[in-house]
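Heads up: the sequence shown runs through residues 1 to 231, numbered per the UniProt record's numbering.
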Amino acid sequence: MIDKREILAANPLLSGLPADVVEELMAVSVLKQLSDGECVYAQGDDGDGLFGVVQGRIRLSNSSRDGKELLVMLVEPGDWIGEVSLLDGLPRSLDAFAMGDCAVLFLPSARFNALLKSKPELYQYFIPMLCRKLRLALSYVEGVALFPLAARLAQRILELLRFYGVEDDKPGVLINVHLPQEDLAKMLGVSRQAISRELKRLEADGTIALAYGQLRVMNTVALQDELDRYV
């Protein structure tokens, strides 16, 4: 059985909270189970609360009117989503869908905002969430404006490596998340064919190794060099 107290206490962004605040958050939170592909919230929905990912992964994306999807990020257990709408009161700017069976901790906005109002010093624990995602968003904008696809792909692979990299009994470091080339293309807003060409080039250079839905980084320095040529 999942213990909500452990979830809140172990989260690196909230681990400094006073014990009484953790207890209050526990009291107002609800644990929700989600099946693969289930919608957590949709773009344009009201910001009804904050979600902490407990198990599984959440896919955050944005879609144009013609159905083109931009995959923004994959959210792992221990992270929080939905804080922007919670704090500014505006509708959701992204779609959030479960990847596989998931569990999320839901903190309703009304009671959460009441807690912040009674204890405004708590904002210091939630501002880092906004800053981290703002930095990430700015890096994506900078990449699209200034860098060629080769550098943007290297940057994204290095980010994925930082979040999902695991070492096993094989050479290199595995990015431990199902990562079809189509998803990488959606992350960078380009065609699958363009991503495929760049991945094959990196594989031929010995920088990465590809398998079905998997990517293994063989030479981190080479990836960083690819990015540094333009940064």
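The beta-carbon is built from N, C-alpha and C at its ideal position, and this holds for glycine as well. The structure presented is a predicted model; accordingly, all values stated were derived computationally and were not measured.
Residues of its chain near residue i, where Cβ-Cβ distance is below 6 Å and the 5 sequence neighbours each way are ignored
{"i": "P108", "result": "G49"}
{"i": "D95", "result": "A42, Q43, S61"}
{"i": "Q224", "result": "none"}
{"i": "R216", "result": "G172, L174, A209"}
{"i": "L71", "result": "S61, D183, K186, M187"}
{"i": "S63", "result": "E69"}
{"i": "V30", "result": "F106"}
Cβ separation of residue i and residue j, assumed to be a contact under 8 Å, to the nearest whole Å
{"i": "V54", "j": "L105", "result": "6 Å"}
{"i": "R192", "j": "E203", "result": "About 16 Å; that fails the 8 Å criterion."}
{"i": "I195", "j": "L210", "result": "Not confirmed; about 11 Å, so no contact."}
{"i": "F51", "j": "W80", "result": "7 Å"}
Limits of the alpha helix (DSSP H) - the one that residue i falls within
{"i": "F163", "result": "149 to 164"}
{"i": "L202", "result": "192 to 204"}
{"i": "M218", "result": "Note, M218: premise wrong, no alpha helix (DSSP H); not H, not E."}
{"i": "L184", "result": "181 to 188"}
{"i": "K117", "result": "109 to 118"}
{"i": "L94", "result": "Here L94 belongs to no alpha helix (DSSP H), and DSSP marks it neither H nor E."}
{"i": "V84", "result": "83 to 88"}
Contact test: residue i Cβ vs the ligand COA heavy atom, cutoff 7 Å
{"i": "L161", "result": "As far as ligands go, the structure on display features none, and thus does not contain the ligand COA."}
Close Cβ partners of residue i (< 8 Å) along its chain, the five nearest in sequence each way excluded
{"i": "F97", "result": "G37, E38, C39, V40, I58, R59, S61"}
{"i": "D101", "result": "Q33, L34, S35, D36, Q55, G56"}
{"i": "L130", "result": "E83, V84, L87"}
{"i": "E167", "result": "V173, L174"}
{"i": "G165", "result": "V173, L174, I175, N176, V217"}
{"i": "D228", "result": "none"}
Helix, strand or coil at residue i [DSSP, three-state]
{"i": "Q124", "result": "helix"}
{"i": "E69", "result": "strand"}
{"i": "D225", "result": "helix"}
{"i": "V21", "result": "helix"}
First and last residue of the uninterrupted beta strand (DSSP E) at residue i
{"i": "R59", "result": "49 to 63"}
{"i": "L31", "result": "30 to 34"}
{"i": "A211", "result": "208 to 211"}
{"i": "Y41", "result": "39 to 41"}
{"i": "V173", "result": "173 to 175"}
Contact check, residue i vs residue j, beta carbons under 8 Å
{"i": "V190", "j": "L149", "result": "yes"}
{"i": "V21", "j": "L122", "result": "yes"}
{"i": "A103", "j": "G56", "result": "yes"}
{"i": "E226", "j": "A114", "result": "no"}
{"i": "L74", "j": "G47", "result": "no"}
{"i": "E198", "j": "L153", "result": "yes"}
{"i": "R92", "j": "D45", "result": "yes"}
{"i": "F163", "j": "Y230", "result": "no"}
Residues near residue i by beta carbon distance below 7 Å, same chain, minus five either side
{"i": "G213", "result": "H178, L179, P180"}
{"i": "E24", "result": "L115"}
{"i": "T207", "result": "M218, N219, A222, L223"}
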